[in-house]
Amino acid sequence: MKFIVAKEVFENLDNVCFGIVVAKGINNKENIGATQLLKDSIELIETKFKDKNVKEVEDMVYYREAFLKLGINPNKFKSSIEAITTRVAKKKGFPNINPVVDIGNAVSLKYLVPLGAHDIDSAEEDICLRFSKEGDTFLPFGENELELLGEDELIYSVGNKVKTRRWIWRQSEQGKITEESKNIFFPIDGFKDKNYDNVINARDELAEILKKNFNCEIKVGFVDINNTEFEF
2 MKFIVAKEVF
12 ENLDNVCFGI
22 VVAKGINNKE
32 NIGATQLLKD
42 SIELIETKFK
52 DKNVKEVEDM
62 VYYREAFLKL
72 GINPNKFKSS
82 IEAITTRVAK
92 KKGFPNINPV
102 VDIGNAVSLK
112 YLVPLGAHDI
122 DSAEEDICLR
132 FSKEGDTFLP
142 FGENELELLG
152 EDELIYSVGN
162 KVKTRRWIWR
172 QSEQGKITEE
182 SKNIFFPIDG
192 FKDKNYDNVI
202 NARDELAEIL
212 KKNFNCEIKV
222 GFVDINNTEF
232 EF
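The numbering of the sequence shown is the numbering used here, which starts it at 2 and goes up by one.
Structure representation (structure tokens):
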């Protein structure tokens, strides 16, 4: 199986890059201190963003500008990292979901990068980042009615099933991480000319935490305009 980024993505966002972590053999039912990791990141954000407007912080502006290039209104559709940071900065807290998701959210907040998580076993085909076409469908969290997409929306997909809409806005019910998830693909989205170090540091720390806590098989990678695929 591969993660493939379509060449059209780089034509629109030439410096976009992706840190990749693939973890296999996870037991996501264990209590492994993920709660504390998330708590620490929440406290960090509450302090760091005190008296600041989240959307004006440079780390968020990178994604807002990219959304505008893609024709996405960043005020109506916040990137996942802006949405979670805004919530936490307002001291609204953030729920514990399961160990893997909590760890992902903790690392995402610490490095201020969007970090996705997709169940590999639910993917019948390669995971792709591409622009949508007629016939693509999306199942929102907690829903049972599919949404039909129009053309030219940047999406994470498996076949015609959309895993994440509007690039890094919202993930699907299909392929979400549950306590039963064992094999997981984590993409970390960023920009080589803006927050490359954060992408790489988030990737490496996520890999280290997963290996330490789950004793699972780990593979890391990097995708950019010069290397558009990653096999796992």
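For glycine and all other residues, C-beta sits at the position ideal for the given N, C-alpha and C.
query, result
"If you check the beta carbons only, do residue 55 and residue 86 fall under 8 Å apart?", "yes"
"Per DSSP, which residues does residue 24 bridge with? Please list them.", "185, 219"
"When you compare each of 105, 72, 99, 71 to residue 82 by their alpha carbons, which one comes out closest?", "105"
"Straight-line CA distance for residue 160 to residue 53?", "41 Å"
"Given this structure, state the Cα-to-Cα distance separating residue 4 from residue 47, to the nearest angstrom.", "34 Å"
"Out of 32, 165, 218, point me to the one whose CA is closest to residue 183's CA.", "218"
"Alpha carbon to alpha carbon, how far is residue 76 from residue 116? Give it in angstroms, no decimals.", "20 Å"
"Hey, would you say residue 68 sits closer than 8 Å to residue 80, going by beta carbons?", "yes"
"Under a Cβ-count criterion, where at least 16 other Cβ atoms within 10 Å of its own Cβ denotes burial, should residue 154 be classed as buried or exposed?", "buried"
"Taking just the CA atoms, how far does residue 119 sit from residue 176?", "5 Å"
"Consult DSSP for residue 75 and reduce its assignment to one of helix, strand or coil.", "coil"
"Closest to residue 41 by CA distance: which of 111, 91, 74 is it?", "111"
"Here's the rule I'm using: 16 or more other beta-carbon atoms within 10 Å means buried, otherwise exposed. How should residue 92 be labelled?", "exposed"
"In whole angstroms, what separates the C-alpha of residue 185 from that of residue 125?", "14 Å"
"Taking the alpha-carbon of residue 224 as reference, which of 202, 193, 211 has the nearest alpha-carbon?", "193"
"Mind reading off the beta-carbon distance from residue 114 to residue 189? Whole number of angstroms is fine, and I expect it under 8 Å.", "5 Å"
"Name the residue from 164, 44, 123, 31 whose alpha carbon lies nearest to the alpha carbon of residue 98.", "31"
"Are there 16 or more other CB atoms within 10 angstroms of the CB of residue 179, so buried, or fewer, so exposed?", "exposed"
"Would residue 132 and residue 7 be called neighbours here (beta carbons separated by less than 8 Å)?", "yes"
"Look up residue 54 in the DSSP assignment and say whether it is helix, strand or coil.", "coil"
"Tell me the DSSP secondary structure of residue 105 in three-state form.", "helix"
"Using 8 Å for Cβ pairs, my map puts residue 107 next to residue 39. What's the rounded Cβ distance?", "4 Å"
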